[in-house]
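Novice:
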Amino acid sequence: MKTNGGKALMKNLEAEGVEILFGLPGGAILPAYDPLIDSSMRHILVRHEQGAGHMAEGYAHATGKPGVAMVTSGPAATNMVTPLADAMLDSVPLVCITGQVASGAIGSDAFQECDTTGITMAVTKHNFLVTEASEIPQVIHDAFHIATTGRPGPVLIDIPKDLVDPNNPASQFEDYDPTGHNLPGYNPITEPDPLKIQEAVELILRSERPVIYSGGGILKARAATQLRELAELLDVHVVTTLMNRGGFPDNHPLALGMPGMHGNYTAVTVLQEADLLITLGARFDDRVTGRLDGFAPDAKIIHADIDPAEFNKVRFADVSIQGDVGKTITEMISALNQLQQTREHPDRSEWKSRISGWKERFPLVYDEWETGEGLKPQYVIEQLRDLTPDDTIVASGVGQHQMWASQFWHFNHPYTWINSGGLGTMGFAVPAAIGAKAGVPDRMVWAIDGDGCFQMTNQELVTARIENLPVKIAILNNGYLGMVRQWQELFYDERYSEVHLQSDLPDYKMLAESMGCVGIRVESPEEVQPAIEEANEINDRPVVIDFRTEASENVYPMVPAGKSNSDVIVHPSQGTP
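Written out as structure tokens, the structure is:
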């Protein structure tokens, strides 16, 4: 039976289980939007293509399914570059479809033409330029396979306009259902090597000061349950990177929270002082390691990851285990259960005592209220945390508010924390929260944003209002690019160059109301709880709360850029470690 490229595109997206598309039509993709009218898929019309990409990311984070975005050519495609780069660094499964000028016009500098595959090659796991309409079913099938297998990531499909135009003969072909994949060189290894597992277990049983260093790969592999089982079997503490918050419950006695530049003191120090890092789905990011030659100087390294490119890229590993991290942990547990019947590990009571001492001496703290100052941002997050359901999904932007959210929220469930880790994309929170709400509409979704981030993508609240996606936005409004201001205070002699945003412009309450949302402004501590409770009761439209926070508040602990983690600065009230 004959079909055309546009119909085939919709049919095969449906065949891949796509339920929601985030997008914005335009000239080159227009023929593909026509058959969308008859599709079972829900389309969410965004106000900016970057918003479509971040919504698709938020959807993927919350559901574990690949997010899908569809936009037109030229500037629409270039507006997708940031979400693609964000998804690439954070291993988010994403399929992006872009329109392209007609095949015969490619290379002629036609209207809204750009070399989309060339531009996005560095920020995608793979990309395709469709050259014949008959390729569309197989390319869609391959794209979803690539995006979701091995190390997840973004895949882009660029389709010339004539190949989806039903009135163009080039769009016509004999319909078929794709089967299998012919992808030379792409064969992700998911089963771990038993000999490597044995080597790792031997190291674990010999170590006196082990710690589990868990990263975002835990969540990508849906391996939170296995991680907990391993930690409890070994009775070893766990640190959870920014990308794995919720991958191990914060209320567990073995949980140490987030390490890194703004991690808590115990999580930072336990990595420094360990003699073994059991590294599971983490990549030794520079925000975690600090100055590399000073990171964990006495530690041997077990590194388990799905992506072999990560091995020895940053830190040499004594044992590298390629494979699905969930399967790797399961095999480690099996090997440990066998060996522990005949082998005993060294006495670790002194190590546990040291960890307990660090936790007691250097908890996360912040200053008391001072008359005339704004709200304490940490207090606002604590109230949000305590007044919302335990499984609330939290999306954040990038900056101080992101670090405070990761520090002071208690993440006891996986897939409840959505943020931009590797790329650090300001403006991520609002669209990502909308995408998450679209994917799991029965869950409460809060975005914790800064005023700088909010001003970048807040137009997507119109999308949320029209599409009936009642997300809730908490703006920690200090009138500054807060993290930049903090660095200028500490490292640039308080020379505040181009960092002041003005806390009264725009009026966030009025801005929210103009977009059909509920706007609330909170200036005093006694207003915080009632405002959050009011927002929690509103489920027919988005809510924006403008929390007027203290501009001079800094994030502690902090490892200065270029310094070793041993140089971590704690809150001034705690003295010098």
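553 is the number that my numbering gives to position 553 of the sequence shown; each next residue is one higher, with no gaps.
Built from N, CA and C at the ideal position, the CB exists for glycine as well.
Quick caveat, the model's predicted, so the values are computed rather than measured.
(1) So, do the region 408-415 and the region 35-43 have three or more beta carbon pairs nearer to each other than 8 Å?
(2) Between which two residues does the beta strand (DSSP E) holding residue 37 run?
(3) Taking the alpha-carbon positions, what's the residue 6 to residue 163 distance?
(4) Contact defined as beta carbons within less than 8 Å: I believe residue 388 pairs with residue 434. What is the distance between those atoms, to the nearest angstrom?
(5) Quick check: the Cα distance between residue 523 and residue 383, rounded to an integer number of angstroms?
(6) Spatial neighbours of residue 96 within its chain, please: C-beta separation below 6 Å, excluding the five flanking residues on both sides.
(7) Return the first residue and the last residue of the beta strand (DSSP E) that residue 128 is part of.
(8) Use the C-beta contact count for residue 228: other C-beta atoms within 10 angstroms, 16 or more gives buried, fewer gives exposed.
(9) How far does the alpha helix (DSSP H) with residue 225 in it reach, from first residue to last?
(10) With contact counted as at least three CB pairs below 8 Å, one residue from each stretch, are the region 333-342 and the region 307-322 in contact?
(11) Look at the alpha carbon of residue 356 and the alpha carbon of residue 267, and state the distance between them as a whole number of angstroms.
(12) What is the residue span of the alpha helix (DSSP H) that residue 408 lies within?
(13) Which whole-angstrom value describes the C-beta separation of residue 90 and residue 326, a residue pair presumed to lie in contact below a C-beta threshold of 8 Å?
(14) Tell me, please, which residues DSSP counts as bridged to residue 3.
(15) Do residue 137 and residue 12 count as a contact pair if the criterion is CB distance below 7 Å?
(16) Would you decide whether residue 152 is buried or exposed? Buried here means 16 or more other CB atoms lie within 10 Å of its CB.
(17) For the putative contact between residue 578 and residue 258, defined by C-beta atoms under 8 Å, what is the C-beta separation to the nearest angstrom?
(18) If you pair each beta-carbon of the region 427-441 with each one of the region 263-279, do three or more pairs fall below 8 Å?
(19) Kindly list the residues whose CB is nearer than 8 Å to the CB of residue 377, restricted to its own chain and excluding five residues on each side of it in sequence; keep chain order.
(20) So residue 472 is in the beta strand (DSSP E); what residue range does that whole segment cover?
(21) Find out if the Cβ-Cβ distance for the pair residue 116, residue 131 is shorter than 7 Å.
(22) Specify the secondary structure class of residue 300 as computed by DSSP and reduced to three states.
(23) Assuming residue 42 is part of the beta strand (DSSP E), what are its boundary residues?
(24) Within the same chain, show all residues whose beta-carbon is closer than 8 Å to that of residue 346, passing over the 5 residues directly before and after it, in chain order.
(25) Cutting at 7 Å between CB atoms, please list the residues of its own chain near residue 529, excluding the five before and the five after it.
Specialist: Once the coordinates are examined:
(1) no
(2) Indexing the sequence shown from 1 puts residue 37 at position 37. Unbroken run through residue 37: none, as it is neither H nor E.
(3) For the purposes of this step, residue 6 is taken as residue 6 along the sequence shown, with counting starting at 1. For the purposes of this step, residue 163 is taken as residue 163 along the sequence shown, with counting starting at 1. Taking the straight line from one Cα to the other gives about 8 Å.
(4) Working through the sequence shown from its first residue, we reach residue 388 at position 388. Working through the sequence shown from its first residue, we reach residue 434 at position 434. Incorrect: roughly 18 Å between the Cβ atoms, too far for contact.
(5) Residue mapping note: residue 523 aligns to position 523 of the sequence shown, counting from 1. Residue mapping note: residue 383 aligns to position 383 of the sequence shown, counting from 1. Residue 523 and residue 383: Cα-Cα distance of roughly 15 Å.
(6) Residue 96 sits at position 96 when you count from the first residue of the sequence shown. Within the same chain, residue 96 has close Cβ partners 69, 80 and 156.
(7) Here residue 128 corresponds to residue number 128 of the sequence shown, with the count starting at 1. Unbroken beta strand (DSSP E) run through residue 128: 126-129.
(8) Start at 1 with the first residue of the sequence shown, and residue 228 comes out as number 228. It is buried - the Cβ of residue 228 has at least 16 other Cβ atoms within 10 Å.
(9) Taking the sequence shown and counting its residues from 1, one reaches residue 225 at position 225. Residue 225 -> alpha helix (DSSP H) spans 224-234.
(10) no
(11) Residue 356 sits at position 356 when you count from the first residue of the sequence shown. Residue 267 sits at position 267 when you count from the first residue of the sequence shown. So the alpha carbons of these two residues sit roughly 11 Å apart.
(12) Reading the sequence shown from its first residue, position 408 is the one you call residue 408. Residues 400-408.
(13) Taking the sequence shown and counting its residues from 1, one reaches residue 90 at position 90. Taking the sequence shown and counting its residues from 1, one reaches residue 326 at position 326. Wrong, their Cβ atoms sit about 18 Å apart, outside the cutoff.
(14) Sequence index remark: in the sequence shown, residue 3 carries index 3 (1-based). Beta-bridge pairing links residue 3 to 173.
(15) On the sequence shown, residue 12 is found 12 positions in, with the first residue counted as 1. On the sequence shown, residue 137 is found 137 positions in, with the first residue counted as 1. Cβ distance < 7 Å, so residue 12 and residue 137 count as in contact.
(16) By 1-based counting over the sequence shown, the position of residue 152 is 152. The residue is buried, with at least 16 neighbouring Cβ atoms inside 10 Å.
(17) Not covered by the structure: residue 578. The range shown for the chain is 1 to 577.
(18) no
(19) Numbered from 1 along the sequence shown, position 377 holds the residue referred to as residue 377. Same-chain partners within the cutoff: 400, 401, 404, 476, 478, 547, 549, 550 and 553.
(20) Taking the first residue of the sequence shown as 1, we reach residue 472 at position 472. Its beta strand (DSSP E) spans residues 472-477.
(21) Sequence index remark: in the sequence shown, residue 116 carries index 116 (1-based). Sequence index remark: in the sequence shown, residue 131 carries index 131 (1-based). Going by C-beta atoms, residue 116 is not nearer than 7 Å to residue 131.
(22) For this step, residue 300 is matched to residue 300 along the sequence shown. Strand at residue 300.
(23) Counting from 1 along the sequence shown, the entry for residue 42 is found at position 42. From DSSP, the beta strand (DSSP E) with residue 42 extends over 42-45.
(24) One-based indexing of the sequence shown puts residue 346 at position 346. Closer than 8 Å at the Cβ level, and outside the excluded window around residue 346, lie 206, 207 and 208.
(25) Along the sequence shown, one-based indexing puts residue 529 at 529. Within the same chain, residue 529 has close Cβ partners 383 and 387.
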